[in-house]
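Here is the structure we will look at.
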Amino acid sequence: MKVNVSVEPEIGQDSLEYEQLENAVFKTIDVPGYLCEIGLRRGGGSYYMMNALKQSKQNLKKGLIAIDPYGNIDYESNDDDVIRQDYTNGMRDETIFIFSVWKIRNILLVMQMVFHSTIKQKDL
Ligand SMILES: C[S@@+](CC[C@H](N)C(=O)[O-])C[C@H]1O[C@@H](n2cnc3c(N)ncnc32)[C@H](O)[C@@H]1O
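In terms of my numbering, the sequence shown has 112 at position 112, counting the first letter as 1, and numbering is strictly consecutive.
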């Protein structure tokens, strides 16, 4: 049986400087504890940081906690005006869904690798 996993969920991004986050994660290799992102929107930054955790093999001992109120709440702008962004609870739900798909996809990829290595060992 062959399981092909090719779904790459679209994580919303709004920055051109995510490499800085990646580099910061690589520098935390010797720092214990979790990472925390305050204000994740659609999770672009979180996605980069989690991939960096994985690449630097920190993901088994270190996770990421992301905090965001969403709720389409009022924000004070620089002109003392109150403005609303589009940080809605709908955005929260979509983000949770996308990350769940991403997580399941990663689990399936690991299962696929274990399955193939088991088959290879049997072939020897
Ligand atoms: C500019 S977006 C962040 C972009 C995100 N870091 C990325 O990588 O795409 C700002 C986010 O901060 C959230 N936010 C606003 N005030 C906050 C607060 N006091 N604590 C935590 N998050 C907050 C908003 O709901 C919104 O999702």
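Don't be surprised by glycine CBs; every beta carbon is placed ideally from N, CA and C.
Within 8 Å, strictly: CB atoms of residue i and residue j
i     : j     : result
Gly44 : Asp14 : yes
Ile11 : Tyr47 : yes
Asn72 : Thr95 : no
Ala66 : Phe26 : no
Leu16 : Met49 : no
Ile83 : Ser56 : no
Tyr70 : Gln85 : no
Cα-Cα separation, residue i to residue j
i      : j      : result
Gly39  : Ser117 : 40 Å
Asp93  : Phe99  : 10 Å
Phe97  : Val114 : 26 Å
Asp123 : Leu35  : 42 Å
Pro32  : Asn23  : 17 Å
Ile119 : Asn106 : 20 Å
Asp68  : Arg41  : 7 Å
Val101 : Glu19  : 23 Å
Gln121 : Lys54  : 26 Å
Lys90  : Glu37  : Correcting the residue identity first, residue 90 is Gly in this sequence and not Lys. If you take the alpha carbons of Gly90 and Glu37, they lie about 20 Å apart.
Quiz item: What residue ranges within the segment 53 to 91 form continuous beta strand (DSSP E) runs of no fewer than 3 residues, ordered along the chain?
Solution: Complete beta strand (DSSP E) runs here, min 3: 64 to 67, 74 to 76, 82 to 84.
Quiz item: Quick check: the segment 49 to 61 against the segment 109 to 123, are there 3 or more CB pairs under 8 Å?
Solution: no
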